[in-house]
Amino acid sequence: MKELVCQLPRERTTFSLVVLHGPAGSGKTTALMRAAQIVSSAGPRVFFANGLERLDLRGILDFAEEDNGEERIFIFIDVISRHVASIDAVYDRLIKLDNVTLVVADRSNKYAGMSHAFAALNPVEVRMPDLDEDDVKSIIAKLEEFGFLGVLREKTPEQRTAAFMDSAKKQLLVALREATSGQGFDMILRTEYADLAPAAQLAYTICCIAVAHGAPGVYIRHLLPCLGRSEFTKGVVIRDLLRGVLVPANQSETMVRPRHRLIAYWVATEIAPVGQKVEAVGKFLWQISSDIVPNEIKRRSPAYVAYRGMINSEALRETFSNDTDIILGIYDELKAAYGHDFLFWLHYGMAQINAGRLDVAENYINQSLAINPRSHQSKHHLGCLHLLQASTAPNPAAVLERANSGIDFLLEQIRTHGDENSYPYHAYLVYVCRWYRRADNLISQKQWEGLRQIGTEAIKKFPRDDMVKDATNEVERQYLLRVAVDREP
Numbered sequence: 039m040k041e042l043v044c045q046l047p048r049e050r051t052t053f054s055l056v057v058l059h060g061p062a063g064s065g066k067t068t069a070l071m072r073a074a075q076i077v078s079s080a081g082p083r084v085f086f087a088n089g090l091e092r093l094d095l096r097g098i099l100d101f102a103e104e105d106n107g108e109e110r111i112f113i114f115i116d117v118i119s120r121h122v123a124s125i126d127a128v129y130d131r132l133i134k135l136d137n138v139t140l141v142v143a144d145r146s147n148k149y150a151g152m153s154h155a156f157a158a159l160n161p162v163e164v165r166m167p168d169l170d171e172d173d174v175k176s177i178i179a180k181l182e183e184f185g186f187l188g189v190l191r192e193k194t195p196e197q198r199t200a201a202f203m204d205s206a207k208k209q210l211l212v213a214l215r216e217a218t219s220g221q222g223f224d225m226i227l228r229t230e231y232a233d234l235a236p237a238a239q240l241a242y243t244i245c246c247i248a249v250a251h252g253a254p255g256v257y258i259r260h261l262l263p264c265l266g267r268s269e270f271t272k273g274v275v276i277r278d279l280l281r282g283v284l285v286p287a288n289q290s291e292t293m294v295r296p297r298h299r300l301i302a303y304w305v306a307t308e309i310a311p312v313g314q315k316v317e318a319v320g321k322f323l324w325q326i327s328s329d330i331v332p333n334e335i336k337r338r339s340p341a342y343v344a345y346r347g348m349i350n351s352e353a354l355r356e357t358f359s360n361d362t363d364i365i366l367g368i369y370d371e372l373k374a375a376y377g378h379d380f381l382f383w384l385h386y387g388m389a390q391i392n393a394g395r396l397d398v399a400e401n402y403i404n405q406s407l408a409i410n411p412r413s414h415q416s417k418h419h420l421g422c423l424h425l426l427q428a429s430t431a432p433n434p435a436a437v438l439e440r441a442n443s444g445i446d447f448l449l450e451q452i453r454t455h456g457d458e459n460s461y462p463y464h465a466y467l468v469y470v471c472r473w474y475r476r477a478d479n480l481i482s483q484k485q486w487e488g489l490r491q492i493g494t495e496a497i498k499k500f501p502r503d504d505m506v507k508d509a510t511n512e513v514e515r516q517y518l519l520r521v522a523v524d525r526e527p
């Protein structure tokens, strides 16, 4: 806001245009109103408009043409994209007025799309800056004054500032969402998304899904071919239509990302329509498939990290609200591109498990192991699958061998990874307990005692892991129920 005020001329010289732009929710309207108030308090005549109706500027221009004072007249217009036609209607009169400054604001991508209409007016552009510490302290003071601190209320002043500066990465919209649980966050992002052209929506959705699931960003060379035919040239989509919506993700600016990971997650899970997300995942993963090669995997390239996150079955369940038909359809379409990759078959198998297709899932996980026999993830999930198959079989006695196979797989994972990670213990406790309950009298007291001992071992190694605690408590509960039943007369 200080930079905006500094750009406003005070003397009569020539007509001037100042444009304030920034991403949705960056505080443009507030900055524009505050600048108008500061200018007005210094004496000049100020007019401010932020309505939805079309403006008629003729009356103000009549006044400006008759005014013989030395001070300038300032016309502030918010969301200028709504009023381009109004300015065009008085363009010839406007540029002849040496006592008028027009100050307008809009989203960066909106302004980029119409900047050609203002080029002849030699606009001075002011970009909404990220928050600095003084801004943050002022915002927090106002939130406290009006009782809107939300979850910040219990924090110290230093912690409040950190919530804005660190967690929100200096983004005002995200800061207000994370710190105060403001409900405007969703509305602003939905409006921003809806206002984008279809090709821009697709590019934005691809970037949001990739970043929401761990990627640092998306290379523009991968993104552009995904857009297909468009009324805009593909470079314009990224450079102009998504200006401020996507930001550079590396110094060379060859990679882009949404301006904050929380925004990426919200668009990926709550805002983008299902059909758009299906198209985004399918097109992008096809496009980068030729880059998923050993060297790129070894160096964990951005393309590989994006692939790993987007192909993940849990990530797809979250993105598509656990719609198994959509998820399995995506995997099926990508088989030709990733059939050589063990990770693809592993997650395809996990998706089949989630859909209840256990025999198909076993085939796919075995395919994963055939490609990479050392994959501990594949062995882990095969162990879980064998126990799940045994637990759902109509005749437990007929599947003892299958259950023991699953137990052996999970015990191997505990031996090899149980000192660093809790997941082998958690899986063992959950799936073996489920099998023991199903097998009932086929399971001895000694086997139950052994399961309890695994739980005790897990708690000692991971005392703060809530999932391990819950699994161990369930083992204890089932054990005590069994003992109580056995003691009944």
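Quick note on numbering: this note's numbering labels position 364 of the sequence shown as 402, and the sequence is numbered without any gaps.
Note that CB positions come from ideal geometry on N, CA and C, so glycine has one too.
For the stretch 116-153, the full-length beta strand (DSSP E) segments reaching 3 residues or more read 138-145 along the chain. Within the same chain, and ignoring the five residues on either side of E400 in sequence, the residues whose Cβ sits closer than 7 Å to its Cβ are L423. Here P434 carries a helix assignment [DSSP, helix/strand/coil].
Here L58 is bridged, per DSSP, to A143 and V164. Taking every protein chain shown into account, the CB of N147 has 16 or more other CB atoms within 10 angstroms, so this residue is buried. By alpha-carbon distance to E230, the top candidate from H251, A310 and L70 is A310.
Secondary structure note for R295: its beta strand (DSSP E) is the uninterrupted segment M293 to P296.
By the Cβ rule, the stretch 429-442 counts as touching the stretch 476-489, because three or more pairs are nearer than 8 Å.
Secondary structure at L261: helix, using DSSP grouped into helix, strand and coil. Separation of V513 and P236 (C-alpha to C-alpha, rounded to the nearest whole angstrom) is 52 Å.
Within 10 angstroms of the beta-carbon of Y129 lie fewer than 16 other beta-carbons, which makes it exposed.
Taking C-beta separations shorter than 6 Å and ignoring five residues to either side along the sequence, P195 has no partners in its chain. Only exposed fits K373, as fewer than 16 other CB atoms lie within 10 angstroms of its CB.
Taking a cut-off of 8 Å on C-beta distances, the stretch 311-320 does not touch the stretch 85-100, as fewer than three cross pairs fall below it. With 16 or more neighbouring CB atoms inside 10 Å of its own CB, G387 falls in the buried class.
V117 sits away from N160, with the two beta carbons spaced by 8 Å or more. Secondary structure at L284: strand, using DSSP grouped into helix, strand and coil. M225 counts as exposed, since fewer than 16 other beta carbons sit within 10 angstroms of its beta carbon. Closest in C-alpha terms to V162, from the list V283, F53, E487 and V84, comes F53.
DSSP assignment within the stretch 359-391 yields the following whole alpha helix (DSSP H) runs of 4 residues or more, N-terminal first: 362-376. V256 is the residue among Q415, V274, V256 and L279 whose C-alpha sits nearest the C-alpha of V343.
Annotation for S119: D144, K148 and M152 place their beta carbon closer than 7 Å to its own, counting only its chain and skipping 5 residues before and after. L407 is positioned such that its CB atom lies no closer than 8 Å to that of L425.
If you look at A80, you'll find it isn't in any beta strand (DSSP E); DSSP assigns it neither H nor E.
Taking 8 Å as the upper bound for CB-CB distance, K417 and F447 are in contact here, some 5 Å apart. Of Y303, H455, I247 and V294, the smallest CA-CA separation from F223 is found for Y303.
Assignment of beta-bridge partners to A87 by DSSP yields I115. Residue range P340 to I349 is occupied by the alpha helix (DSSP H) that includes I349. Ranked by how close their Cα comes to the Cα of P167, the residues T362, L55 and S64 have S64 in first place.
Counting the other Cβ atoms within 10 Å of the Cβ of H121 gives 16 or more, which makes it buried. Non-local C-beta neighbours of T139 in its own chain, meaning closer than 8 Å and more than five positions away in sequence, comprise L46, P47, F53, S54, L55, V56, R110, I111, F112 and I113, ordered along the chain. Between the beta-carbon of H251 and that of M348 there is about 6 Å, and that keeps the pair under the 8 Å contact cut. Under the Cβ criterion (8 Å, minimum of three pairs), the stretch 457-465 counts as touching the stretch 495-513. DSSP places V256 within a strand segment (E or B) once states are collapsed to three. In the three-state reduction of the DSSP assignment, F500 falls in the coil class, being assigned neither a helical nor a strand state. If you check the CB distance, C245 and R295 come in under 8 Å.
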